[in-house]
Structures are given as C-alpha cells and as structure tokens.
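Everything on this sheet refers to the single structure shown next.
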Amino acid sequence: MRTTYNQEALKVKKSKKSGGKPDDIYVPTVKWFRQMEEIMDSSTAENETESIETEIAPPSENEQGLLEEQVIEEPSPTLLQTPTRPSTSKTCSRVESTGKKGSRVEAGSKNKKPRLQALTEAVAEVRKAQETLITSQSISDNEAFGKFIAASLDKLPPADSIMAQGALQRVIQKYRLNALNKSSSASEASTLTAIQSPTLSRDSPPATTPAYSTDHPIMNEDTVANDDAAIADIISQA
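Its first residue numbered -11, the sequence shown is counted upward by one per residue in my numbering.
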C-alpha cells in the first residue's frame, strides 16, 4: 500500500515539475490517496518536531555533574569577594524544560494513536472491498438464480411454497431424465457397434438397438407446460 502511494506521489511531483498547465497535473487514481497523504504529512511533521526537541534537550545528569564540579573547582573572583545565595534559577529552568518536553512527548503519542487507528481502518476497508469483489465474481448464474428462487419461496404461504417446490422438482427431474436417456442411448449404441462381428452373413437380419427402458414415468409436454405455468404464477405472486 505504501509502495502504491509513493508511485502515485512521484507521478504527481513529476507532472508539477514539467511546468504544464494545472489541468495537465497528474490526478491519482487511488481512492485513498488523499487520506494516505495527510497521514504521511502528519508523520513527517512529528519526526521533524522530535528531532528539534532532541537538539535543544537539556544536558544529562552526568553532564550536569561535570559542570557543577568545574564551577566548584574554579570559582570566579566575584564569588570570593562577596558571598551570595545559591542560584536556583538554572535548576528551576531545567526542571521546567524537562517537564515541557515530557508533556510534548505525551501529547505527540496521544495524537499518533488516532492516526494509526485511522490508517488501520483504511487498510481494513480496502481488504474488505477486495474480498467482496472476489466473492461477487465467483458466484455463478445458477447460484444467483437459486438465491432468487429461495427468496421467492420465503415470501409465499407455507402451502403455496410446498406446491412450488414440487413443481420445480418435477421440471428439474424431467430434464435430468432426458439427459440420462440421451447419454444411455449413446453408450448402448457405441457398445453394440463395438461387439458386432465383421463375419456376419449377408442373409442374417440386421441387429436392432433395444429401446431404453426406465422405471421413471416420462413426462409429456403438456405436463411440463402446466408445471411451468404454475411456477410462473407462483413467482409472480411473490
């Protein structure tokens, strides 16, 4: 995701450097480009602020101890001449600067959490959109039609729903039996052709293909037409 953003940002930068008209500036095709740009800009600003604070940070405890030792070992002439009270202004200023730095770090961490959460949510939305697109492409026409039939049956009363299911099953059974008859006839014809002997006499009667028999009743066109009309009537009522 970051690589895609960098590529789009580089295209925008190159189009601006070319010195063309505002209309010629490249427009990113990624929908979440603006959100990612705001997040990257805010992250860059935070890094710059932290680097500046690091440069102006107060000295550490070891450095402070060395400075105090040098002051004690090499007192100035003014301190030898007139006794003065110990100066606490430097210590107070250092404590205040340390407290300010701590508050800035806490504020930066608090602001960083919502931005990180927003970025995580944006990535989750992109992944969800990709999964939805893949799922929608994998659904076949039969699955979509099956969902439509199921929704239509749910809208019918129980008795009408049962009758519609029976009509649909009879229609499907009719087409399955027709497909089975065709495949069985083709298989038997190929088998008989293979086992016929080439030495049969010319006077012998020609072999006949036995008719395919089935225990299932063969539906005529009138029955199927009535079932189709009943299904269409039930679906129109839904």
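We put the beta carbon where it would ideally sit given N, CA and C, even for glycine.
Is it buried or exposed, residue i, if we count other Cβ atoms within 10 angstroms and call 16 or more buried?
i      : result
Lys135 : exposed
Ala152 : buried
Lys162 : buried
Met24  : buried
Thr197 : Any reading at Thr197 needs caution, since the residue's pLDDT is 47, under 50, leaving its predicted position unreliable; the model's value is listed next. The residue is exposed, with fewer than 16 neighbouring Cβ atoms inside 10 Å.
Determine, using beta carbons only, whether residue i and residue j come nearer to each other than 8 Å.
i        : j      : result
Ser149   : Leu141 : yes
Met(-11) : Val111 : yes
Lys5     : Ile13  : no
Arg115   : Ser30  : no
Once DSSP output is grouped into helix, strand and coil, what is the label at residue i?
i       : result
Val159  : helix
Thr179  : helix
Val114  : helix
Val0    : helix
Thr(-9) : helix
Leu141  : helix
Lys5    : helix
Pro16   : coil
Ser31   : helix
Ser128  : coil
Thr197  : Legend: pLDDT at Thr197 = 47, less than 50; position of this residue unreliable, value from coordinates given subsequently. In the structure shown, Thr197 sits in coil (DSSP, three-state: anything other than H, G, I, E or B).
Checking contacts by CB at 8 Å: is residue i closer than that to chain B?
i       : result
Thr(-9) : Absent from the structure: chain B. Only one protein chain is present.
Using 8 Å as the cut-off, can you tell me whether the region 15 to 23 makes contact with the region -5 to 3, which would need three or more C-beta pairs spanning the two stretches below that distance?
yes
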